[in-house]
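Mapped onto this note's numbering, the consecutive letters of the sequence shown carry residue numbers 39 to 403.
Note that CB positions come from ideal geometry on N, CA and C, so glycine has one too.
First comes the structure, then the notes that go with it.
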Amino acid sequence: MTDVHVVSEKTTSVLINTAFNNTTFRNTTFNNTMFNNNTMLNNNTSFNNTTLDVAIDPTTVILKRLTSSLLIVLLAIIMMSLGCTIEVDKLIQQIKRPLPAIIGMALQFIVYPLVVFGLVHAFQLDHYNALGMLLLGTCPGGSLSNLITYWCSGDVVLSVCMTSLATTLAIGMMPLNLYIYYSSFSSQYLTIPYVKIATGLVLILIPVSVGMLILRKLPKVAAIVVNIGGGIGFLFILLVTGINFYLYPQMFDVGWKLWCAASLMPIFGLLIGYLGAWACCFTRNQCRTVAIEVSSQNVALCLTLIFVSFKLEESTQIAMFPLIFGMFNVTILVIFTVICRIAFKLSKEKHPSEKQENVNENSKL
39 MTDVHVVSEK
49 TTSVLINTAF
59 NNTTFRNTTF
69 NNTMFNNNTM
79 LNNNTSFNNT
89 TLDVAIDPTT
99 VILKRLTSSL
109 LIVLLAIIMM
119 SLGCTIEVDK
129 LIQQIKRPLP
139 AIIGMALQFI
149 VYPLVVFGLV
159 HAFQLDHYNA
169 LGMLLLGTCP
179 GGSLSNLITY
189 WCSGDVVLSV
199 CMTSLATTLA
209 IGMMPLNLYI
219 YYSSFSSQYL
229 TIPYVKIATG
239 LVLILIPVSV
249 GMLILRKLPK
259 VAAIVVNIGG
269 GIGFLFILLV
279 TGINFYLYPQ
289 MFDVGWKLWC
299 AASLMPIFGL
309 LIGYLGAWAC
319 CFTRNQCRTV
329 AIEVSSQNVA
339 LCLTLIFVSF
349 KLEESTQIAM
359 FPLIFGMFNV
369 TILVIFTVIC
379 RIAFKLSKEK
389 HPSEKQENVN
399 ENSKL
């Protein structure tokens, strides 16, 4: 009986090998029916539950494309509002004292991406979420950082200067950091469109330049643009967030690692910025400013680059981390602001250097 079993097993193995090596079966069944069939793999019906609804439901596809368009509009409004706060004369004055801005850029584009890279590997994120996290870690700060800086009695001029410089430097630093850090992941899953990312970053300088021109020629209009732009930008953020909640209900089922990484990332940004500035003997309001700039990543810019640069199915998964990070980023910055305001109330008097500087820099706001 044992010999018969062995013979039967060998015979079965031969038959299976013959079937799989058979030209007709391989060419007809696997190549034509399964692996090249759009219903099976290209639509990710069986192998990828994350993009199932996106591939099948036309409404979802329309909402995805609508979200991409809204993000572009939102980013243009935000960046034009940012441009309307940049006074060339004060920017030049800040550049004449370049050390705070230089240290801030080093912390934002050298130290912070390295720490984010460490978090990616510490939580062992997959290649899609890793790319989303690395993209965020190399993004410049947004206009939210300028507002939080003002609320925290920071150096508003330094904040605007850092945001402007970071937006410009990101054209080269974002692709460079992605090339350095994402190379540790397998390239068979994703091809990073470095040219598209760099092109998108160049294009966002256009609304910034328009805002600066408005401020220079029509200062009263610039004030209106800043106020209205902030309100419209907030409404757009709510709309885009609501659509994304509908599109990605699986956001709340992605696992604890992704949520922990998204919550720790802005906290590490605050610590890196503050401690780095403190080590360089900056004033306390400058330390707060650098901390806020490093921690406050431009989520709208990151999402826009993702949806513009990658395919629909890829962007669906890459955008998951930035969406979760956006909620934690705003929450943690608001908590940081409340802590600062409470500290100001409890302290008898602000530091003399801070008091006079804040009066000068924030009086117009």
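Start and end residues, alpha helix (DSSP H) containing residue i
i: R135; result: Segment: none, R135 is in no alpha helix (DSSP H) and carries neither H nor E.
i: N121; result: Going by the sequence as given, residue 121 is Gly instead of Asn. Residues P96 to G121.
i: L239; result: Y232 to L241
i: P304; result: W294 to A317
i: S183; result: S181 to W189
i: G170; result: H165 to G175
i: T321; result: No alpha helix (DSSP H) holds T321; DSSP gives it neither H nor E.
i: K383; result: M358 to L384
i: F345; result: V337 to S347
i: T205; result: V194 to Y219
i: V149; result: No alpha helix (DSSP H) contains V149, which DSSP labels as neither H nor E.
Local Cβ density within 10 Å of residue i, reported as buried at 16 or more and exposed below that
i: H389; result: Reliability of the predicted coordinates at H389 is poor, the pLDDT of 47 falling under 50, and no value is obtained from them.
i: C319; result: exposed
i: L180; result: Reading off the sequence, residue 180 comes out as Gly, not Leu. G180 comes out buried.
i: K349; result: exposed
i: N265; result: exposed
i: S119; result: buried
i: Y187; result: For the sequence presented, residue 187 should be read as Thr rather than Tyr. Label assigned to T187: buried.
i: I130; result: exposed
i: G210; result: exposed
i: I377; result: exposed
i: G156; result: exposed
i: I380; result: exposed
i: G269; result: exposed
i: V293; result: The identity of residue 293 in the sequence shown is Gly, whereas the question assumes Val. Looking at its Cβ environment, which holds fewer than 16 other Cβ atoms inside 10 Å, G293 is exposed.
i: S385; result: exposed
i: V158; result: buried
i: L256; result: exposed
Proximal residues to residue i (C-beta, below 6 Å), its chain only, five neighbours per side dropped
i: I281; result: L101 and T105
i: V259; result: I252
i: P231; result: S347
i: I22; result: Because the chain is modelled from 39 through 403, residue 22 falls outside the range shown and cannot be assessed.
i: L182; result: S334
i: G238; result: L343 and V346
i: A114; result: P245
i: P178; result: A204, T205, A208 and N336
i: M36; result: No answer is possible for residue 36: it lies beyond the span of the chain, which begins at 39 and ends at 403.
i: Y312; result: C325 and A329
Same chain, Cβ closer than 7 Å to residue i, five either side skipped, listed in chain order
i: V153; result: F306 and I310
i: N367; result: P304, S334, Q335 and V337
i: Y150; result: G175, G307, I310 and V332
i: F161; result: K295, C298 and A299
i: P213; result: Y232, I235 and A236
i: K128; result: V195
i: L277; result: L108
i: C340; result: L173, L174, C177 and P360
i: S391; result: No answer about S391 holds up, because its pLDDT of 46 lies below 50 and its placement is not dependable.
Contacts around residue i, its chain only, beta-carbon distance under 8 Å, and the 5 residues preceding and following it disregarded
i: M143; result: M200, L203, A204 and L207
i: L139; result: First, the residue type needs correcting, since residue 139 is Ala and not Leu in the sequence shown. Result list for A139: Q132, I133, L196, C199, M200 and L203, in chain order.
i: I370; result: S301, P304, I305, L308 and S333
i: N421; result: The structure shown does not extend to residue 421, since the chain is modelled only from 39 to 403, so the question has no answer here.
i: V126; result: M250 and R254
i: T375; result: I186, W189 and C190
i: I141; result: G314, A315, C318, F320 and V328
i: V263; result: M118, S119, C122, G249 and I252
i: L137; result: C318
i: A261; result: C122
i: K383; result: none
> Looking at C-beta atoms only, is the number of pairs between the stretch 300–313 and the stretch 353–370 that lie closer than 8 Å three or more?
Replying inline: Contact between the stretch 300–313 and the stretch 353–370 is present, because at least three Cβ pairs lie under 8 Å.
> Are the stretch 347–358 and the stretch 242–254 in contact at 8 Å, needing three or more beta carbon pairs?
Replying inline: no
>> Can you confirm whether the stretch 320–339 touches the stretch 191–198 when touching is taken to mean that 3 or more C-beta pairs between the two stretches lie within less than 8 Å?
In response: yes
> Is it true that the stretch 216–224 meets the stretch 168–175, where meeting means three or more beta-carbon pairs spaced less than 8 Å apart?
Replying inline: yes
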